[in-house]
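Residue numbers (this note's numbering), protein chains in the order written: chain A, 5 to 118; chain B, 5 to 116. Glycine included, C-beta positions come from ideal geometry on N, C-alpha and C. Only one structure is covered here, and it is reproduced in the block below.
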Amino acid sequence: AQSVAQPEDQVNVAEGNPLTVKCTYSVSGNPYLFWYVQYPNRGLQFLLKYITGDNLVKGSYGFEAEFNKSQTSFHLKKPSALVSDSALYFCAVRDIYGNNRLAFGKGNQVVVIP
Amino acid sequence: EAGVTQFPSHSVIEKGQTVTLRCDPISGHDNLYWYRRVMGKEIKFLLHFVKESKQDESGMPNNRFLAERTGGTYSTLKVQPAELEDSGVYFCASSQGRNTIYFGEGSWLTVV
C-alpha cells in the first residue's frame with residue numbers, strides 16, 4: 005500500500021522568507037509524486053510532479069520540489085514566500101506501475117505573514 | 005480548454021435525503037476519479053472509471069453511494085440516503101491514461 009506523511013499541521017513563514025513543506029512517502033515500487041494546492045474555498049490545483057529524471061522539479065508559481073530516494077522525501081520549496089501562497093498544500097503518491105489511485109497526505113496549512 | 009467541472013458547487017440537504025453530484029471531465033480524458041475529504045481529514049479515494057467501466061471502486065464507503073459514467077463522458081455520484089457523516093467536499097478528477105490527474109473545484113456537501 006502507498007502512503008504519504010506530512011508531519012506538520014501548519015507552516016508559518018514571513019513574507020519573503022524561504023518556504024518548505026515537508027513530505028515523506030511509502031510505495032512498494034517506484035514513486036510517482038505530486039504536489040497540489042488548495043486555495044480557500046477552491047479545488048485542488050496541480051503544482052508539480054516527479055516521475056523520473058532530475059531530482060529537482062520545477063512547477064507553477066515559483067515552487068519546486070526535490071525528490072530524495074534515500075530519504076523517501078519530496079519536500080516542496082519556494083525561495084521567497086508571498087502572502088498569496090497562503091493555502092493548503094497536499095502531497096500525493098502513487099506506484100508508477102500500479103493502479104492510478106493517488107494516496108494523499110493530510111495536508112499542510114501554510115500561512116505567510118506579511 | 006475547460007478543466008474538470010463539478011455541479012453543484014455547494015449543497016445543503018437533510019439527513020435521509022438524496023443528493024446527486026455531477027462531474028464533467030476534461031475533454032478527451034478517459035480516466036475519471038472521485039475523491040472526498042470529510043471533516044478536515046485526509047483526501048480519500050472513492051473510485052476510478054476508465055471510460056464507462058469501473059476500474060476500481062474499493063474506496064466507496066458503503067452501498068448508499070452509487071457512481072455512474074454512462075457513455076464514458078460525464079459521471080454522477082449519488083448519495084442515498086445521506087447521513088451526517090457524509091458531509092465534506094467531493095472532488096472529481098480526470099486524466100488521460102496514466103498522466104497527471106487534474107481535479108475540479110469540488111462539490112461541498114453539508115448534511116444537516
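Q: Anything in chain B within Cβ reach of G47 of chain A, meaning under 7 Å, just list it in chain order.
A: The residue labelled residue 47 of chain A in the question sits at position 43 within the first sequence. What G47 of chain A touches in chain B: F95, F107, G108, E109 and G110.
Q: Rounded to whole angstroms, what's the CA-CA distance from T76 of chain A to S30 of chain A? Just pull it up for me.
A: What you label residue 76 of chain A is simply residue 72 of the first sequence in a count that begins at 1. What you label residue 30 of chain A is simply residue 26 of the first sequence in a count that begins at 1. Cα-Cα distance, rounded: 7 Å.
(Q) Just to confirm the assignment: which complete beta strand (DSSP E) runs, minimum length 3, are found wholly within the segment 48-91 of chain B? (A) 57-60, 69-72 and 79-83
Q | Under 8 Å by beta carbon: chain B residues contacting K110 of chain A | A | By one-based count along the first sequence, residue 110 of chain A stands at place 106. Correct list: K45 and E46.
(Q) Measuring straight from C-alpha to C-alpha, what distance separates V93 of chain B and R46 of chain A? (A) Translated into the one-based positions of the second sequence, residue 93 of chain B becomes position 89. Translated into the one-based positions of the first sequence, residue 46 of chain A becomes position 42. Distance between the alpha carbons of V93 of chain B and R46 of chain A is about 10 Å.
Q | Test: L51 of chain A CB closer than 8 Å to a CB of chain B | A | To locate residue 51 of chain A, count along the first sequence from 1; it is residue 47. No, no contact with chain B.
Q: Return the residues of the segment 57-88 of chain B that lie within a Cβ-Cβ distance of less than 7 Å from chain A, sorted by chain order.
A: D60
Q | Same chain, Cβ closer than 6 Å to K110 of chain A, five either side skipped, listed in chain order | A | What you label residue 110 of chain A is simply residue 106 of the first sequence in a count that begins at 1. For K110 of chain A, where only same-chain residues beyond five positions count, the Cβ hits under 6 Å are Q10.
Q) At least one CB of chain A closer than 8 Å to the CB of R102 of chain B: is that the case? A) To locate residue 102 of chain B, count along the second sequence from 1; it is residue 98. So, interface residue.
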